[in-house]
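Report on the following structure.
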Amino acid sequence: MSDRFGVLFGQLKRLVGILVGPLRKDPDATKFDLAIPETHNTTIDGDTGWASRPSAWLACPRCGADIHQRDAREKIDCPRCVAVFPPAEFADLTLRRLQCPVCGDAMEHGIRHPNAFDVPEWATCHRCRYHWEFGHLF
1 MSDRFGVLFG
11 QLKRLVGILV
21 GPLRKDPDAT
31 KFDLAIPETH
41 NTTIDGDTGW
51 ASRPSAWLAC
61 PRCGADIHQR
71 DAREKIDCPR
81 CVAVFPPAEF
91 ADLTLRRLQC
101 PVCGDAMEHG
111 IRHPNAFDVP
121 EWATCHRCRY
131 HWEFGHLF
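My numbering puts the first residue of the sequence shown at 1, with every later residue one more than the last.
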């Protein structure tokens with residue numbers, strides 16, 4: 001009789017191991033962050049705030065070249081001509097794309113409140129699921 005319980009217990013233990021296995025921490029995983037709570041989405045990583053905005057590629061209004069602004073506080077300096085703009089003039093320039101800080105792909109971006117903002121309010125990378133939010137309060 002006790003042999004029967006031993007076999008049953010062993011099978012039950014194996015079944016629990018199979019069910020719980022996917023929930024165990026992966027020792028090879030380097031990073032896993034939950035999405036920022038303000039966005040309520042299914043992204044893996046993200047940031048909030050203009051200071052955390054992904055790097056931007058803008059069009060130079062003088063020569064048409066790409067200008068890479070690495071962060072929101074950096075001056076906007078054209079590598080081809082002499083055009084230099086302060087960071088506050090970001091909205092006056094044409095945004096070509098935002099670049100994902102995780103994988104480097106171009107991000108889908110948009111404005112939710114076009115009557116209130118003239119800069120992107122969100123951006124999502126569909127490759128690695130990184131998400132950025134402007135983070136305004138209404």
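The beta carbon of each residue, even a glycine, is placed where N, CA and C say it ideally should be.
Quantities reported herein were computed from a predicted structural model and do not represent experimental measurements.
C-alpha of V7 to C-alpha of K13: approximately 10 Å in a straight line. Counting only the Cα atoms, P101 lies some 37 Å from G17. Contact between the region 76-87 and the region 108-121 is absent: fewer than three C-beta pairs spanning the two stretches fall below 8 Å.
Residue environment analysis places F134 among the buried positions, since at least 16 neighbouring C-beta atoms fall within 10 angstroms of its C-beta. Your pair A123 and L95 does not check out as a contact, with CB atoms roughly 10 Å apart and the cut at 8 Å.
Following the DSSP letters along the chain, one finds G21 in no beta strand (DSSP E), marked with neither H nor E. The C-alpha of W132 is placed about 9 Å away from the C-alpha of D45.
In chain order, D71, A72 and R73 place their CB closer than 8 Å to the CB of A51, counting only its own chain and leaving out the 5 sequence neighbours on each side. About 5 Å separates the Cβ atoms of R127 and D105, confirming a contact at the 8 Å cut-off. DSSP, read as helix, strand or coil, puts E121 in coil.
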